[in-house]
Amino acid sequence: MSRYEASFEVESPADLSAVRRIFDQAYDAVREESRTLGEDAEDATALLESFETLRAATERPSAGKLTISYERYDDRFDN
Numbered sequence: 017m018s019r020y021e022a023s024f025e026v027e028s029p030a031d032l033s034a035v036r037r038i039f040d041q042a043y044d045a046v047r048e049e050s051r052t053l054g055e056d057a058e059d060a061t062a063l064l065e066s067f068e069t070l071r072a073a074t075e076r077p078s079a080g081k082l083t084i085s086y087e088r089y090d091d092r093f094d095n
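So for the sequence shown, this note's numbering puts the first residue at 17; every next one is plus one.
Rendered as structure tokens:
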């Protein structure tokens with residue numbers, strides 16, 4: 017398994033605005049994909065709730081750090 021990570025320091029209102037846009041875009045993409053692919057409604061709801069929690073955290077104007085991790089497994093997708 018390979019792991020990739022990127023961190024973004026939130027040190028200004030402009031940085032926070034960028035983080036909010038990241039979460040808005042990610043939330044919208046996950047919501048649309050879960051509808052399009054017909055994912056299990058319960059799983060999709062839980063995932064969207066997680067994104068909503070993260071997005072709500074960005075509503076408070078304060079400094080912080082956004083870290084994005086991607087873990088790539090050795091298994092390939094089944095086609």
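Note that CB positions come from ideal geometry on N, CA and C, so glycine has one too.
Residue i, enclosing beta strand (DSSP E) - first and last residue
i, result
"Ala-22", "18–26"
Helix, strand or coil at residue i [DSSP, three-state]
i, result
"Arg-88", "strand"
"Arg-40", "First, the amino acid is wrong: residue 40 is Asp here, not Arg. Correct three-state label for Asp-40: helix."
"Asp-31", "helix"
Best match in the options for proximity to residue i [C-alpha to C-alpha]
i, options, result
"Leu-70", "Tyr-20, Asp-94, Asp-31 and Arg-36", "Arg-36"
"Leu-32", "Asp-90, Glu-65, Tyr-89 and Leu-82", "Leu-82"
beta-carbon residue i near the ligand NAP non-hydrogen atom, thresh 8 Å
i, result
"Met-17", "In the structure shown, the ligand NAP is absent, as is every other ligand, since no ligand is present at all."
- Output the residue ranges of the alpha helix (DSSP H) runs that lie fully inside the region 49–86 and measure 4 residues or longer, sorted by chain position. 57–73
- Message: Would the region 40–47 count as touching the region 22–31 if we require 3 or more Cβ pairs under 8 Å?
- Response: no
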